[in-house]
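Participant:
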Amino acid sequence: MSLAQQLETAQQLETPARPGGRVLADALIAQGIDHVFAVPGESYLDVLDGLFAVRQQLKLITCRFEAGAVNMAEAYGKLTGRPAAAMVTRGPGACHGAIGVHVAMQDSTPMLLFVGQIPFEETDRDSFQEVDYRRMFGPLAKWVTQIDDARRIPELVAHAVDVATTGRPGPVVIALSEEMQKHMVAVPDRPRVPVFASLPDPAGMTRMQAMLAASRKPLAILGGSCWSAAGRAAIQAFLVSNGLPVAVGFRRQAVYDGTLPNFVGDLGVGSDPALVARAKEADLILAIGSRLGEATTQGYTLFDHAGGTPIIHVYPDPAEIGRVFRPALGIVADLNAFAVAAAALERPPAPWAEWTRSLRALREAGQAVPAYEGALNLGKVMRELQELAAPDAVFASDAGNFATWPARFMNFSESQRMLGPTNGAMGYGVPAGIGAAIAFPGRQVIVFVGDGGMLMTGQEIATAFHHGVAPILLVFNNAMYGTIRMYQERTYPGRVSGTGLTNPDFAKFMESFGGHGEVVEATAAFAPAFRRAAASGKPALIELRMNPEQITSRATIAQLRAGAGVVKPEKA
Ligand SMILES: Cc1ncc(C[n+]2csc(CCOP(=O)(O)OP(=O)(O)O)c2C)c(N)n1
Ligand SMILES: [Mg+2]
8 MSLAQQLETA QQLETPARPG GRVLADALIA QGIDHVFAVP GESYLDVLDG LFAVRQQLKL
68 ITCRFEAGAV NMAEAYGKLT GRPAAAMVTR GPGACHGAIG VHVAMQDSTP MLLFVGQIPF
128 EETDRDSFQE VDYRRMFGPL AKWVTQIDDA RRIPELVAHA VDVATTGRPG PVVIALSEEM
188 QKHMVAVPDR PRVPVFASLP DPAGMTRMQA MLAASRKPLA ILGGSCWSAA GRAAIQAFLV
248 SNGLPVAVGF RRQAVYDGTL PNFVGDLGVG SDPALVARAK EADLILAIGS RLGEATTQGY
308 TLFDHAGGTP IIHVYPDPAE IGRVFRPALG IVADLNAFAV AAAALERPPA PWAEWTRSLR
368 ALREAGQAVP AYEGALNLGK VMRELQELAA PDAVFASDAG NFATWPARFM NFSESQRMLG
428 PTNGAMGYGV PAGIGAAIAF PGRQVIVFVG DGGMLMTGQE IATAFHHGVA PILLVFNNAM
488 YGTIRMYQER TYPGRVSGTG LTNPDFAKFM ESFGGHGEVV EATAAFAPAF RRAAASGKPA
548 LIELRMNPEQ ITSRATIAQL RAGAGVVKPE KA
């Protein structure tokens, strides 16, 4: 017997036998997981029983829909930088939950998804609810595994957490064979590994400094997940002291303090066309944490793919650097470590002060609220919300045209956070808001959601009540799948197909759960309604009855039709 085997045997002798379900619960605690978001299933009864045993240390959040559970876990990981676990049953549960895996992958969020699996000996019989999760989640997740032997639970859970949290973070799916959950095994827990972040190479930092010194029109694009408070402070110190204009990537508002004079707006769907034009003029792009994905780069058109625009790309995973846009310099580093190193650099002269001021002036001009038709001016409502929201509020957004109202008219401050799905997943906002409220008890949570998204996962309000959290939902009601109608009107004017909606009374819907409901039809009614909602202390919903003609903050349906004509397919 090798020394390692002897040691393991000795450890096992000291470790009492536990059933697999309990070993799993203990393995989660050993790896620092403190929340599980779940819809139960008979496929993982033994794990549920293990969770019962450790209920003081590991909080089990019972949800109403697997898409809700997985999105809550994703939001928890995105906000805290530490993965939460989601648990769903085999087959149908896994199918419902899959959307959250896609969100976590595209958003680079650490997350674990456990799926109850059929008994191992029934494999490949197309038995009840059988699915091969390695094949199903292969292209969706960062890693997929299945535990068939209870003795391997501590090892595989520890590795899953390492994979989920390192490099470009992402979701790991772990299927749990039914029988092994019952097996009594004597196996020790695995300790957490204190992995130190990868520092940027000093030679790369020196080259970055030289490139900045030679630039006249630089633009920083900030994105990424898992920023720590210290990392945010350091990157802000670097960007402010250098007077660099800062744009944020798609749905990454609030990775940077929007009230600062060098914040120039967001690049994504519905961005200010003037900012997009200026980004194309920049002579140096400093992309920090952004993948330079499709939405941020305006369908990969913002820069020359072959390197015509010099780009410095800072990213924790070398595989993302140069993936589409070939950068002039790639720096592989943990983002928080890069921020600290950048803040410590000597400051070159910044001859771009005027350029930064001109970009900021564009942002401010774009935020001037037009006199929209109709009684409810959503531009003014967003400006008011900025004043009314708690200084450390967490915002969560669903996907849809309504999301462009806060993006354009609000500036999120340093202590506020904003969660949005960069993969454009409808149904994300309400669960993400609940996940945020559970992650940060006591902080105000405000959700932006359309009438379409609200009826995808709005029933998770029940979960908010069940677990005692009170988000405030702002439902932008235009009685349509407005985003798709917008593309429709641009491409096939007047041919409205499949995009109209009939809605319930949303305020009464919230009241039926025991929450606070409001309907706002005029601008002046918003502030008092919001104050009442916030003061209620209960989950609250404010329905914003929109003028459906105002399809975006920049166009009416009539304007789209007038500008339409050429059939030009676009992406939603
Ligand atoms: C899960 C999912 N289904 C469908 C879509 C396609 N889609 C994108 S936006 C949108 C409409 C959103 O409607 P609503 O929530 O009412 O917001 P609005 O665009 O009207 O502001 C649809 C159907 C999507 N992105 N995600
Ligand atoms: Mg709508």
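Reminder that position 457 of the sequence shown reads as 464 in our numbering, one-by-one numbering, no gaps. The C-beta atom is built at its ideal place from N, Cα and C for all residues, glycine as well.
Would you tell me roughly how many angstroms separate the C-alpha atoms of F447 and E129, rounded to the nearest one?
Facilitator: Roughly 42 Å between the two C-alpha positions.
Participant: Is it true that the CB of V168 sits closer than 7 Å to the CB of K149?
Facilitator: Contact flag unset, no.
Participant: Name the DSSP bridge partner or partners of G296?
Facilitator: DSSP lists L229 as partners of G296.
Participant: For E73 versus V110, is the C-beta spacing smaller than 7 Å?
Facilitator: Against a cut-off of 7 Å, the Cβ pair of V110 and E73 comes out as no contact.
Participant: Would you mind stating whether G265 and F455 have Cβ atoms separated by less than 7 Å?
Facilitator: No, Cβ-Cβ distance for G265 and F455 is not below 7 Å.
Participant: Roughly how many whole angstroms lie between the Cα atoms of F257 and N430?
Facilitator: Approximately 10 Å, taken between the alpha carbons.
Participant: Looking at ligand 2, does it come within less than 6 Å of D458, judged from the CB to the closest heavy atom?
Facilitator: Answer for D458: yes, Cβ within range of ligand 2.
Participant: Is any non-hydrogen atom of ligand 3 found closer than 6 Å to the C-beta of M553, if you look at the structure I gave you?
Facilitator: As for ligand 3, it is missing from this structure, which binds only ligand 1 and ligand 2.
Participant: To the nearest angstrom, report how far apart K575 and L163 are at their CA atoms.
Facilitator: Because the pLDDT of K575 is 41, which lies under 50, any placement of that residue in the model is unreliable, and the number read from its coordinates should be weighed accordingly. Those two C-alpha atoms are separated by around 49 Å.
Participant: Hey, could you find the ends of the beta strand (DSSP E) R552 is sitting in?
Facilitator: It spans A547 to R552 - the beta strand (DSSP E) in which R552 sits, taken as one unbroken run.
Participant: How long is the line joining the alpha carbons of V77 and E467, rounded to whole angstroms?
Facilitator: Using only the alpha carbons, I get a separation of about 12 Å.
Participant: Within this structure, are the beta carbons of R333 and D290 separated by less than 7 Å?
Facilitator: No. Outside cutoff.
Participant: If you run the structure through DSSP and keep just helix, strand and coil, what is M143?
Facilitator: Reduced to three states, the DSSP call for M143 is helix.
Participant: Can you check which of these residues, G230, S543, M212 and G505, is closest to F345 by C-alpha distance?
Facilitator: Considering only alpha carbons, the answer is M212.
Participant: Look at the alpha carbon of G48 and the alpha carbon of P99, and state the distance between them as a whole number of angstroms.
Facilitator: Taking the straight line from one Cα to the other gives about 10 Å.
Participant: Taking only three categories from DSSP, how would you classify D458?
Facilitator: Correct three-state label for D458: helix.
Participant: Say yes only if the C-beta of M433 is nearer than 6 Å to one or more non-hydrogen atoms of ligand 2, and no if none qualify.
Facilitator: No, since every heavy atom of ligand 2 falls outside the 6 Å radius drawn around the Cβ of M433.
Participant: If you count every other CB in all the chains shown that lies within 10 Å of the CB of K515, and 16 or more means buried, which is it?
Facilitator: K515 should be labelled exposed.
Participant: From T173 to P323, what distance separates their C-alpha atoms?
Facilitator: In a straight line, the C-alpha of T173 is about 8 Å away from that of P323.
Participant: What are the complete beta strand (DSSP E) segments, minimum 3 residues, inside the region 46–126?
Facilitator: Counting only runs of 3 or more, we get 66–69, 92–95 and 118–124.
Participant: Pick from D341, A562 and P146: whose alpha carbon is nearest that of G231?
Facilitator: It is D341.
Participant: Mind checking whether the beta-carbon of A541 lies closer than 6 Å to any heavy atom of ligand 1?
Facilitator: No - ligand 1 has no heavy atom lying nearer than 6 Å to the Cβ of A541.
Participant: Which value, in whole angstroms, describes the spacing of the CA atoms of D56 and V46?
Facilitator: Each residue's alpha carbon lies about 14 Å from the other.
Participant: Ligand 2 and G389: does any heavy atom of the ligand fall closer than 6 Å to the residue's C-beta?
Facilitator: The amino acid occupying residue 389 in the given sequence is Met; Gly does not appear at that position. Not so, every heavy atom of ligand 2 lies at least 6 Å from the Cβ.
Participant: Is the Cβ-Cβ distance between P207 and A348 less than 7 Å?
Facilitator: It is a contact, given that the beta carbons lie within the stated cut-off.
Participant: So which of G75, P90 and M112 has the shortest CA-CA distance to L65?
Facilitator: Nearest of G75, P90 and M112 to L65, Cα basis: P90.
Participant: From Q566 to E528, what does the alpha carbon distance come to, in whole angstroms?
Facilitator: Whole-angstrom Cα-Cα distance: 23 Å.
Participant: Are the CB atoms of A24 and M191 nearer to each other than 7 Å?
Facilitator: In this structure, M191 lies closer than 7 Å to A24 by Cβ.
Participant: Take the Cβ of Q124 as the centre, count every other Cβ of all protein chains shown within 10 Å, and call the residue buried at 16 or more, exposed below.
Facilitator: It counts as buried.
Participant: Just to confirm, are A536 and E525 a CB contact at a threshold of 7 Å?
Facilitator: Yes.
Participant: Evaluate Y499 with the Cβ neighbour count: other Cβ atoms within 10 Å of its Cβ, from every protein chain shown; 16 or more gives buried, anything less gives exposed.
Facilitator: It is exposed - the Cβ of Y499 has fewer than 16 other Cβ atoms within 10 Å.
Participant: Measuring only the C-alpha atoms, how far is R539 from E550?
Facilitator: Each residue's Cα considered, the two are about 14 Å apart.
Participant: Is any heavy atom in ligand 1 found nearer than 6 Å to the beta carbon of N510?
Facilitator: No - ligand 1 has no heavy atom lying nearer than 6 Å to the Cβ of N510.
Participant: Would you kindly check if the distance between the Cβ of N269 and the Cβ of V283 is under 7 Å?
Facilitator: Their beta carbons are not under 7 Å apart, which means V283 does not touch N269 by this criterion.
Participant: Buried or exposed for H312, going by 16 or more other Cβ atoms inside 10 Å?
Facilitator: H312 should be labelled exposed.
Participant: Indicate the three-state DSSP secondary structure (helix, strand or coil) for D405 in the structure shown.
Facilitator: D405: coil per DSSP, three-state reduction.
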